[in-house]
Amino acid sequence: LVVAVLDWELASIGEPLADVAYFSIMYNWPFGDGSSASAPPSAPVLYFNPDKLPEGVLSQRQFVAAYQHYHRGSKRAATEAWALQQQPINLNYHVAFSFYRLAAILRGVAARAAAGNASAKNAAAVGAGAPFLAAHAVEVLKKAGGGVRSGHHEPPPPPPLYSCSVDAVRTRRRLMVFIVDKVRPAEIVAEQQYRRAADRWAPAPVIEELKAEAKRRRLWNLFATQTSYVDYAHSAEIMGMAKLASEACNCSAPDTGNMEVLITFGTDGQKRLYLDKLLDGRIRSAFAMTEPAVASSDATNISLKIERGVYTAADKKRDDEWLARGGTSSTGRHAHHARAPVAVGDEVYFVTGRKWWITGAGDPRCAISLVLGRSATCVDNAVHRQHSVVLVPMSQPGVNLVRPLSVFGYDEHPYGHFVVDYVRVAVPAATSLIAGDGDGFRVVQGRLGPGRIHHCMRAIGAAEAC
2 LVVAVLDWEL
12 ASIGEPLADV
22 AYFSIMYNWP
32 FGDGSSASAP
42 PSAPVLYFNP
52 DKLPEGVLSQ
62 RQFVAAYQHY
72 HRGSKRAATE
82 AWALQQQPIN
92 LNYHVAFSFY
102 RLAAILRGVA
112 ARAAAGNASA
122 KNAAAVGAGA
132 PFLAAHAVEV
142 LKKAGGGVRS
152 GHHEPPPPPP
162 LYSCSVDAVR
172 TRRRLMVFIV
182 DKVRPAEIVA
192 EQQYRRAADR
202 WAPAPVIEEL
212 KAEAKRRRLW
222 NLFATQTSYV
232 DYAHSAEIMG
242 MAKLASEACN
252 CSAPDTGNME
262 VLITFGTDGQ
272 KRLYLDKLLD
282 GRIRSAFAMT
292 EPAVASSDAT
302 NISLKIERGV
312 YTAADKKRDD
322 EWLARGGTSS
332 TGRHAHHARA
342 PVAVGDEVYF
352 VTGRKWWITG
362 AGDPRCAISL
372 VLGRSATCVD
382 NAVHRQHSVV
392 LVPMSQPGVN
402 LVRPLSVFGY
412 DEHPYGHFVV
422 DYVRVAVPAA
432 TSLIAGDGDG
442 FRVVQGRLGP
452 GRIHHCMRAI
462 GAAEAC
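My numbering applies: residue 2 is where the sequence shown begins, and numbers increase by one.
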């Protein structure tokens, strides 16, 4: 019997309950709040108390019941449901298996640390937690009741929605009607328009019609108008069921995250210049964080330089020559957007470095990029105060679209992901900085949190639509 096949991404195939159990790890984490006497000093701490769950988070019993509910009707689901009902110890087995595979991963981390090729500074300490996770797996196997912690006696959740407002339920229904009546028929038209377009990165004209209709139906900017992340999560799920739905409702990445940054951290001037236009759907934006030279999943590794200085006559000559050669790319696709004005003698930030996988940078509507870069050297180990975020117009001299990227030959046009070079790009110091100098890590973490919810829920919707 093959229980699961493991790979680096923790994926598994074979027994479906392996995935259910892996999700259930958080309900059975051995070191909880870090207060366990048996926990090593380096033990991974999970800030999650299964006895005091925040609003919108299911207990393990509710999660398992929901899993059964949403998969009811299929042959595979019936088999899984029977396994859960008839063999409650079975889930414990798979939870223990999940802890064993985490222990194996930590053992690999420890081995890389010993070999001197680990990327994290605390790799050796984290790897030391492997024996504790393995020992906890044995304890999980001894538990009864399907791996559900004692004290949980909640009834199965009421299908199909949890902890969302009445308004969210109504919005979900109106979105479904919009998708069926307007978006899916428009997707056929859009495909035809894309095939006939001279510019493969330009939007299909039918999208503007959908945007007008979404405004009329009060389905516009739902990420900003709904009252909670829980409410919006359900809307994101529905929008994920159709390719054009998120953009039609002005709720697509990376614009939603960028707008949230401007709403939270932007100055009044920055909001007038960019946020108002983004909220109205007149422009689009890019988020430039990932770099080819460093492990960009850790934002403290980002190396693009943001240096404060004075704009000189030599800088102006270089920028004038850049514009004379055609601007930001061979087609000058962003030249129609406004540039940030700089004059000789002004205080500016010079932005220098290469970014890649920059979603939407090739869209001619993309007017502004939010760029994360290193603005200071590390002082007193303040690794989270080295970076800043600046606003860089895509039409600014020195912004160069190098090429689109592809995966297995697929470039995901018309959205796409680009390599972008920032070649000593000068932007005004007085108006371009988001929040404060050294606040970059805080800004991007605040952006990425909601963004993960948006992406995950859209992915769920896309899977449900298949």
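Just so it is clear, CB atoms sit at the ideal spot from N, CA and C, and this is done for glycine as well.
In this text, all values refer to a predicted model and were calculated from it rather than measured experimentally.
Query	Result
Coarse secondary structure for R219, derived from DSSP in three states	coil
CB contact flag (V393, V403, <8 Å)	no
Endpoints, the alpha helix (DSSP H) within which I461 is located	441-466
Complete alpha helix (DSSP H) runs within the stretch 400-446 (minimum length 4 residues, chain order)	430-433
C-beta neighbour in chain C for H337, strict 8 Å	Checking the listed chains, one finds no chain C in this structure; it contains a single protein chain.
Opening and closing residue of the alpha helix (DSSP H) in which W357 lies	Element bounds for W357: not the alpha helix (DSSP H) but the beta strand (DSSP E), 348-360.
Helix, strand or coil at G267 according to DSSP, with G and I counted as helix	coil
R443 versus S120: straight-line alpha-carbon distance, rounded	22 Å
Inter-residue spacing [alpha-carbon to alpha-carbon] between T432 and Q271	7 Å
Own chain residues within Cβ distance below 8 Å of I26, not counting five before or after	V96, S99, F100, L103
Beta-ladder partner(s) of I307, from DSSP	V352
Cβ-Cβ separation, A187 to Y195 (assumed contact under 8 Å), whole Å	Y195 to A187, Cβ: 12 Å. No contact.
Touching by the beta-carbon criterion (3+ pairs, under 8 Å), the stretch 230-244 and the stretch 274-288	no
Segment contact flag, the stretch 357-372 with the stretch 278-293, C-beta cutoff 8 Å, min 3 pairs	yes
Supposed close pair R334, P365 - CB separation, criterion 8 Å	5 Å
Local conformation of V58 per DSSP, three classes	coil
Option in W30, Y416, V21, A254 with minimal Cα separation from D200	Y416
N- and C-terminal bounds of the alpha helix (DSSP H) containing H137	131-143
Candidates L373, I106, K306, N302, of which the one nearest A436 by Cα	L373
R459 beta carbon near the ligand NAP (any heavy atom closer than 7 Å)	Summarising the ligand content, the structure contains no ligands, and the ligand NAP is consequently not present.
Cβ shell of R459 (< 8 Å), same chain only, five flanking positions each side left out	A237, E238, M240, G241, S247
Residues near C250 in its chain [Cβ-Cβ closer than 7 Å; skip 5 each side]	A215, L220, W221, L223, M240
Own chain residues within Cβ distance below 6 Å of L134, not counting five before or after	F100, L103, A104
Residues of its chain near T345, where Cβ-Cβ distance is below 7 Å and the 5 sequence neighbours each way are ignored	A quick correction: the sequence has Val, not Thr, at residue 345. So the list reads Y312, T313, A314, K317, once near-sequence residues are dropped.
Contact the stretch 294-313 vs the stretch 252-266: 3+ CB pairs below 8 Å	no
First and last residue of the uninterrupted alpha helix (DSSP H) at R319	314-325
First and last residue of the uninterrupted beta strand (DSSP E) at H388	388-394
Classification of Y28 by the beta-carbon crowding that lies within 10 angstroms, buried from 16 upward	buried
Exposure of F351, with buried meaning 16 or more beta-carbon neighbours within 10 Å	buried
Candidates I208, N123, L59, E308: closest to R425 by CA position	E308
Beta-carbon separation (whole angstroms), V207 vs V190, contact threshold 8 Å	5 Å
Which listed residue (L449, A427, P55, A124) has its alpha carbon closest to that of D347	A427
Through-space distance from K356 to R386, alpha-carbon basis	20 Å
Where L373 falls: helix, strand or coil (DSSP)	strand
Option in S229, A254, L305 with minimal Cα separation from H388	L305
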